[in-house]
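Reading through the structure tokens given below for one structure.
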Amino acid sequence: MTTTTRARGRAEALAALTAAGAIGAAVALAPPAAAAIPGPTYHGGGLELIALDLPAGTATGYALDVNDDGVVIGQAWDNAFNQKGVVWRDGVPTTIPGAMPWQVNDSGQVVGSLYSDTGQSRGFVWENGTLTTLEPTDPGPDRYSYAGSISADGTVVGLSGTNTPLAGYDPTEGATKQAPAGEAGSEEADDVFPDYQPQIRATVWRNGTAVDLGTLGGSWSSADLINDHGQVAGSSATADGSEHAFLSGPGGLRDLGTLGGPSSTPLDINNRGQVVGVSETADRHSHAFLWENGRMRDLGTAAGLTESSAVAINERGQVLVESHEQISYPFEGEPTSTVGIFPAHTASTAYIWTAGQQQAVTGLGGNTFSPVKLADDGTVIGSAVTPDGVDRPWLWSGGVPHDLSGPAPLQPGQASGINRSGLVVGHAGSFTKQVPVIWRRT
Numbered sequence: 001m002t003t004t005t006r007a008r009g010r011a012e013a014l015a016a017l018t019a020a021g022a023i024g025a026a027v028a029l030a031p032p033a034a035a036a037i038p039g040p041t042y043h044g045g046g047l048e049l050i051a052l053d054l055p056a057g058t059a060t061g062y063a064l065d066v067n068d069d070g071v072v073i074g075q076a077w078d079n080a081f082n083q084k085g086v087v088w089r090d091g092v093p094t095t096i097p098g099a100m101p102w103q104v105n106d107s108g109q110v111v112g113s114l115y116s117d118t119g120q121s122r123g124f125v126w127e128n129g130t131l132t133t134l135e136p137t138d139p140g141p142d143r144y145s146y147a148g149s150i151s152a153d154g155t156v157v158g159l160s161g162t163n164t165p166l167a168g169y170d171p172t173e174g175a176t177k178q179a180p181a182g183e184a185g186s187e188e189a190d191d192v193f194p195d196y197q198p199q200i201r202a203t204v205w206r207n208g209t210a211v212d213l214g215t216l217g218g219s220w221s222s223a224d225l226i227n228d229h230g231q232v233a234g235s236s237a238t239a240d241g242s243e244h245a246f247l248s249g250p251g252g253l254r255d256l257g258t259l260g261g262p263s264s265t266p267l268d269i270n271n272r273g274q275v276v277g278v279s280e281t282a283d284r285h286s287h288a289f290l291w292e293n294g295r296m297r298d299l300g301t302a303a304g305l306t307e308s309s310a311v312a313i314n315e316r317g318q319v320l321v322e323s324h325e326q327i328s329y330p331f332e333g334e335p336t337s338t339v340g341i342f343p344a345h346t347a348s349t350a351y352i353w354t355a356g357q358q359q360a361v362t363g364l365g366g367n368t369f370s371p372v373k374l375a376d377d378g379t380v381i382g383s384a385v386t387p388d389g390v391d392r393p394w395l396w397s398g399g400v401p402h403d404l405s406g407p408a409p410l411q412p413g414q415a416s417g418i419n420r421s422g423l424v425v426g427h428a429g430s431f432t433k434q435v436p437v438i439w440r441r442t
């Protein structure tokens, strides 16, 4: 490879890897920063750290997901922050201009959203170089679509929406403020615009045809997850305006309920139809839940902490739970609003919940880490803070944490995806010189 086709940040990062002998050779994992943590081993050996080629004209990027054939997806952008979706097959990048890819299935179908400066966003499916946009239900000039998850057979879920002014906003005081889908139902939007109701509906696309999944009796809904049996999990307003998790079925949307509070949100689903997420309790804390066989179960918190979120579930039914302390924010008109959030911005920990038992997951010596995925063999990936305050890509396996960072300047980062063979993808480096990488077993 030559450096003439790479942006300066990419070249410098690769130079650092090359100097350390990290490209094309097995790299022993860097020892964790805390002396009490065991040494750098992973499955009895090391990992090969490989920096992925960025597309021509881009300066930085990241890898987000990987399928079982090793197809990697992510995003890259140039120095003016023009974004492109990227698909790497056998290490070769192919771009999808203006795209944010979210997931790739084992057939190589990529799902995500296209963003435009002149028009409304559209969900898309990309396959073998062909891009198919996903039209919203009831298409119109102010209508948009968003796609976030895809099943093994290519069924896509997401939402259809309408960009409308926020209720209570006076357009004579400035340009009309719009309500993007990402703000729908947020606590901040409810506080500032109490009459606002998001104009979004859960949508499933089968063979390119959009179907409105309806709601739980309220005005809005969003389809967030789908398993390989076509079961869809998402969130919806209820008749009283609360937000509840739902699961689709032959009879329509099933309300999964809450842990006693007003809201619940799904975060993952497996092929057994088990749903995990976070729900408010009766005393207004946020707790991890597991829903199965018609019952929502409280998975508790780590000792000494008040909040938790179930961020992932594997096919064995093991649940990855992140736990942290409650955070208080002052909002106008209220003395204090307490919110349990994820990823944690306070001291946090994690555990794997299995049949009522908690197994502690350990980080890299700092007081915070953010687990994001749980493999079927119990491997956890994400990022963890070291005692010197650096948030590094991290893997936990067999009771042992591992620092996956490369040599400087590739020490910050995150592991974001893992497939069944143990191939891990993510990024390393700071935001302005971020490098998409893979970690491969040797």
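Going by UniProt numbering, the sequence shown wraps up at 442, each residue one higher than the last.
Backbone N, C-alpha and C fix where the C-beta goes; we use that ideal spot for every residue, glycine too.
Nearest-angstrom beta carbon gap, residue j and residue i [assumed within contact, 8 angstroms]
i       : j       : result
Pro-262 : Ser-236 : So it is not a contact: roughly 13 angstroms between Cβ atoms.
Ser-149 : Pro-136 : Not a contact, Cβ separation roughly 17 angstroms.
Val-372 : Leu-49  : Actually they are not in contact, since the Cβ atoms of Val-372 and Leu-49 sit about 19 angstroms apart, beyond 8 angstroms.
Ser-121 : Leu-114 : 6 angstroms
Gly-234 : Pro-198 : Actually they do not touch by this definition, with Cβ atoms about 13 angstroms apart.
Tyr-62  : Gly-70  : That belief does not hold up - the Cβ atoms of Tyr-62 and Gly-70 are roughly 17 angstroms apart, past 8 angstroms.
Ala-384 : Gly-366 : 7 angstroms
Ala-147 : Gly-154 : Going by Cβ atoms, the distance from Ala-147 to Gly-154 rounds to 12 angstroms, so no, they are not a contact pair.
Leu-256 : Ser-248 : With 8 angstroms as the limit, Leu-256 and Ser-248 do not qualify as a contact, their Cβ atoms being about 11 angstroms apart.
Leu-374 : Leu-320 : 4 angstroms
Gln-326 : Thr-349 : The Cβ separation is near 14 angstroms, so there is no contact.
Trp-394 : Gly-406 : Not quite, the Cβ-Cβ distance comes to about 13 angstroms (not below 8 angstroms), so this is no contact.
Trp-439 : Leu-47  : 4 angstroms
Span separating the alpha-carbon of residue i from that of residue j
i           : j       : result
Val-232     : Thr-368 : 32 angstroms
Ile-96      : Gly-85  : 5 angstroms
Val-390     : Gly-304 : 25 angstroms
Ser-370     : Thr-386 : 12 angstroms
residue 444 : Pro-401 : Nothing can be reported for residue 444, as the shown portion of the chain is limited to 1 through 442.
Pro-376     : Gly-140 : Rather than Pro, the amino acid found at residue 376 in this sequence is Asp. Rounded to whole angstroms, Asp-376 to Gly-140 spans 43 angstroms at the Cα level.
Asp-142     : Thr-162 : 5 angstroms
His-229     : Ile-269 : 11 angstroms
Gly-123     : Trp-205 : 10 angstroms
Phe-289     : Thr-203 : 24 angstroms
Val-110     : Ser-286 : 33 angstroms
Asp-90      : Asp-106 : 15 angstroms
Val-125     : Met-296 : 33 angstroms
Ser-116     : Leu-134 : 14 angstroms
Gly-399     : Ala-210 : 45 angstroms
Ser-323     : Gln-414 : 19 angstroms
Ala-312     : Gly-129 : 31 angstroms
Glu-280     : Thr-301 : 13 angstroms
Leu-216     : Leu-52  : 44 angstroms
Pro-412     : Arg-392 : 4 angstroms
Arg-316     : Ala-80  : 44 angstroms
Neighbourhood of residue i by C-beta distance below 6 angstroms, restricted to the same chain and skipping five residues each side
i           : result
Ser-397     : Thr-379
Ala-360     : Tyr-351
Val-66      : Val-72, Gly-417, Asn-419, Leu-423, Val-425
Arg-441     : Gly-422
Arg-201     : Ser-160, Asp-212, Ser-221
Pro-101     : Ile-73, Gly-85, Val-110, Gly-112
residue 448 : Look at the range of the chain in this structure, 1 to 442, and you will see that residue 448 is not part of it.
Glu-292     : Gln-274
Trp-353     : Leu-299, Val-319, Val-321
Residue span of the beta strand (DSSP E) that contains residue i, given as start and end
i       : result
Arg-254 : 252 to 255
Asp-68  : Where Asp-68 is concerned, there is no enclosing beta strand (DSSP E), given that its DSSP letter is neither H nor E.
Arg-206 : 200 to 206
Pro-387 : Premise fails: Pro-387 is in no beta strand (DSSP E) and is neither H nor E.
Ser-222 : 217 to 226
Leu-49  : 47 to 51
Ala-99  : 99 to 104
Thr-130 : 130 to 134
Pro-89  : The amino acid occupying residue 89 in the given sequence is Arg; Pro does not appear at that position. That run of the beta strand (DSSP E) goes 83 to 89.
Thr-258 : Per DSSP, Thr-258 belongs to no beta strand (DSSP E) and is neither H nor E.
Glu-127 : 122 to 127
Ala-245 : 243 to 249
Gly-112 : 110 to 114
8 angstroms Cβ cutoff, residue i in contact with chain C
i       : result
Thr-362 : Included in the structure is just one protein chain, with no chain C present.
Proximal residues to residue i (C-beta, below 7 angstroms), its chain only, five neighbours per side dropped
i       : result
Ala-282 : Gly-260, Gly-261
Asp-298 : Leu-259, His-287, Phe-289
Gly-252 : Gly-214
Val-192 : Per-residue confidence for Val-192 stands at a pLDDT of 43, beneath the threshold of 50, marking its modelled position as unreliable; the derived number appears in the next sentence. Contacts found: none.
Ala-223 : Val-157, Gly-158, Leu-159, Ala-202, Thr-203, Val-204, Leu-213, Val-232, Gly-234
Gln-358 : Tyr-351
Ala-239 : Gly-217, Gly-218
Asp-138 : none
Beta-carbon proximity list for residue i, same chain, < 8 angstroms, skipping 5 on both sides
i       : result
Asp-78  : Ala-7, Gly-57, Thr-58, Ala-59
Arg-254 : Phe-246, Leu-247, Ser-248
Gln-83  : Gln-75, Ala-76, Trp-77, Gly-98, Ala-99, Met-100, Tyr-115
Residue i Cβ short of 7 angstroms to the ligand PLP heavy atom set
i       : result
Tyr-115 : Looking for the ligand PLP in the displayed structure turns up nothing, as the structure carries no ligands at all.
Which ranges would you report for the beta strand (DSSP E) in the stretch 267 to 295 if only whole runs of at least 3 residues count?
Taken in chain order, the complete beta strand (DSSP E) segments of 3 or more residues contained in the stretch 267 to 295 are 275 to 281, 286 to 292.
Curious, which full-length beta strand (DSSP E) runs of at least 3 residues does the stretch 351 to 387 contain?
Inside the stretch 351 to 387, DSSP marks whole beta strand (DSSP E) runs of 3 or more residues at positions 357 to 361, 369 to 374, 380 to 385, from first to last along the chain.
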